[in-house]
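Data block below; observations after.
Residue numbers (full-length UniProt numbering): 1 to 510.
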């Protein structure tokens with residue numbers, strides 16, 4: 001018998017892993033719970049209130065809301081709150097078999113619980129159920145650390161990092177991915193995938209590529225706990241989604257499409273995994289201006305998520321399809337229909353609705369762009385300010401830089417209006433050059449071009465900062481900044497600050 005990838009091949013831990021592998025009870029009295037139902041019903045070790053957050057900053061379930069994944073929420077998922085009793089490891093509390101299974105699970109030693117939870121998390125991760133996987137992996141990591149078991153902890157941490165990264169919890173993803181650098185090749189591959197997703201969200205394309213190169217799918221012999229049919233679907237799919245995002249950022253849409261097609265292959269995929277690929281492919285159609293093609297791909301998602309933004313009563317259903325709803329809204333914007341885009345968006349601004357942060361940021365930015373296109377500039381500014389507050393702490397940038405002219409114009413106008421996030425907005429605007437035009441940028445009427453330092457000062461003039469504050473930002477003396485401002489006014493034939501900014505934009509200098 002080959003050694004277990006979780007480091008145990010005899011005793012209770014092996015029995016637990018074998019139970020997951022064979023879809024049989026992992027403890028006496030558990031009842032005929034298969035892998036999926038076991039993962040969905042793990043409860044006492046994964047408290048919804050986050051009480052089981054592990055040591056060393058291990059995230060409890062307070063950081064793993066119930067909809068983990070790009071549009072994944074299933075009936076009976078942990079914490080769905082359908083009023084049928086509290087969750088237990090093997091069913092609903094009060095069921096005879098569930099109660100016996102819960103007592104047996106609680107009575108097991110920490111090592112057994114750690115390996116069982118890790119096995120469930122690995123199995124669910126590879127079939128695409130990131131809801132169940134997130135719960136099991138977080139609890140398994142806490143149990144493994146408590147038991148001093150490095151191998152199960154490494155298996156949980158690398159995969160939990162991917163869950164965090166998909167949700168947009170970028171700092172926690174980075175911490176989990178780097179927690180066990182000596183893990184198995186499969187564990188390290190998942191950690192590098194998580195770091196690639198983090199880097200992509202932050203628009204760090206070179207780092208994204210480097211981590212994707214190191215996230216090659218592991219060989220089957222090293223793929224962790226054996227899982228049911230269609231095993232290993234989620235990992236290559238998420239690698240493909242990340243690779244396609246990188247290629248899109250580099251402007252190679254054809255190669256991005258090939259990456260998604262290759263991930264599909266010839267086999268049937270679990271529904272959740274197929275949904276990720278459909279959403280990614282739809283976004284690629286939208287990026288090349290094919291809104292109709294995107295809507296066709298999003299047809300099933302659109303039917304499930306339609307009207308997500310129409311009312312809060314739709315929120316539970318809309319939450320599970322939030323990423324698809326955002327992709328649909330993006331397609332509507334591409335087709336020139338901001339009203340339809342606003343209707344399609346999930347309730348991104350409602351903290352009571354469990355929408356992943358990464359989806360909230362995308363949805364909020366699209367809401368701001370759609371509002372601006374519809375002529376509601378006040379709402380656009382309000383929504384953008386809220387999105388900046390969400391995006392800043394985690395370092396999101398790609399959501400903005402992929403937004404094209406609409407996002408750049410929105411951010412530029414926000415600088416004029418005033419924002420609490422001026423450094424972030426200025427940095428984003430600087431990173432998003434104006435679209436290429438048939439003619440080169442015009443020269444000032446005086447024929448004199450602005451120096452690099454004067455261009456920098458001109459960008460700062462878009463803000464509400466005073467001359468003294470600009471000097472502080474640039475580590476220059478106030479007199480030096482005033483000299484630059486006078487030169488800018490002279491070269492742009494302007495007499496006031498706002499006029500200079502307007503002339504700079506007309507000349508595509510900023």
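From the three backbone atoms N, C-alpha and C, an ideal C-beta is built for every residue, glycine too.
Beta-carbon contacts of residue i that lie in its chain and below 6 Å, excluding the five residues immediately before and after
i: residue 244; result: 256, 259, 260, 280
i: residue 293; result: 285
i: residue 118; result: 6, 140, 152, 155, 156
i: residue 198; result: 165, 170, 173, 174
i: residue 80; result: Interpretation of residue 80 is limited by its pLDDT of 33, a score under 50 that renders its predicted location unreliable; the figure taken from the coordinates is listed afterwards. None.
i: residue 269; result: 233
i: residue 481; result: 467, 470, 471
Option nearest residue i by Cα separation, candidates the options
i: residue 178; options: 162, 462, 168, 504; result: 162
i: residue 388; options: 375, 374, 376, 366; result: 366
i: residue 185; options: 460, 474, 159, 429; result: 159
i: residue 153; options: 171, 187, 166, 448; result: 187
i: residue 497; options: 463, 478, 471, 507; result: 463
i: residue 176; options: 193, 157, 165; result: 157
i: residue 233; options: 454, 504, 264; result: 264
i: residue 409; options: 145, 390, 430, 421; result: 430
i: residue 386; options: 349, 460, 413; result: 349
i: residue 327; options: 373, 372, 276; result: 276
i: residue 372; options: 267, 421, 339; result: 339
i: residue 136; options: 299, 488, 180, 116; result: 116
i: residue 432; options: 492, 252, 412, 236; result: 412
i: residue 401; options: 266, 129, 246; result: 246
i: residue 390; options: 282, 467, 360; result: 360
i: residue 113; options: 148, 476, 472, 345; result: 148
i: residue 241; options: 200, 347, 251, 322; result: 200
Residue i, DSSP secondary structure in three states
i: residue 135; result: helix
i: residue 279; result: helix
i: residue 375; result: coil
i: residue 422; result: helix
i: residue 354; result: coil
i: residue 349; result: coil
i: residue 270; result: coil
i: residue 470; result: helix
i: residue 369; result: helix
i: residue 181; result: coil
i: residue 400; result: helix
i: residue 596; result: Examination of residue 596 is not possible in this model, given that the chain is present from 1 through 510 alone.
i: residue 475; result: coil
i: residue 286; result: helix
i: residue 452; result: helix
i: residue 432; result: coil
i: residue 496; result: coil
i: residue 504; result: helix
i: residue 416; result: helix
Buried or exposed (CB count within 10 angstroms, at least 16 for buried), residue i
i: residue 127; result: buried
i: residue 248; result: buried
i: residue 375; result: exposed
i: residue 352; result: exposed
i: residue 272; result: buried
i: residue 106; result: exposed
i: residue 423; result: exposed
i: residue 451; result: exposed
i: residue 324; result: buried
i: residue 399; result: buried
i: residue 517; result: The requested residue 517 is not part of the displayed model; the chain covers only 1 to 510.
i: residue 403; result: buried
i: residue 506; result: exposed
i: residue 397; result: buried
i: residue 468; result: exposed
i: residue 203; result: buried
i: residue 336; result: exposed
i: residue 492; result: buried
i: residue 486; result: exposed
i: residue 419; result: buried
i: residue 208; result: buried
i: residue 362; result: buried
i: residue 250; result: exposed
Anticipated Cβ contact below 8 Å, residue i with residue j, distance rounded
i: residue 174; j: residue 195; result: 7 Å
Sequence-distant residues of its chain with Cβ nearer than 7 Å to residue i (five each side left out)
i: residue 333; result: 341, 366, 369, 370
i: residue 484; result: 453, 454, 457
i: residue 167; result: 68, 356, 357, 358
i: residue 495; result: 489
i: residue 121; result: 133, 136, 137, 140, 156, 159
i: residue 192; result: 211, 214, 215
i: residue 82; result: Bear in mind that a pLDDT of 33 at residue 82, under 50, signals an unreliable position, so the model cannot answer this.
Residue i at chain B interface by Cβ criterion, 8 Å
i: residue 352; result: In summary, chain B is missing from the structure at hand, where a single protein chain is found.
Sequence-distant residues of its chain with Cβ nearer than 8 Å to residue i (five each side left out)
i: residue 298; result: 278, 279, 282, 324, 327, 328, 331
Heavy atom of the ligand MN within 7 Å of residue i beta-carbon
i: residue 173; result: In the structure shown, the ligand MN is absent, as is every other ligand, since no ligand is present at all.
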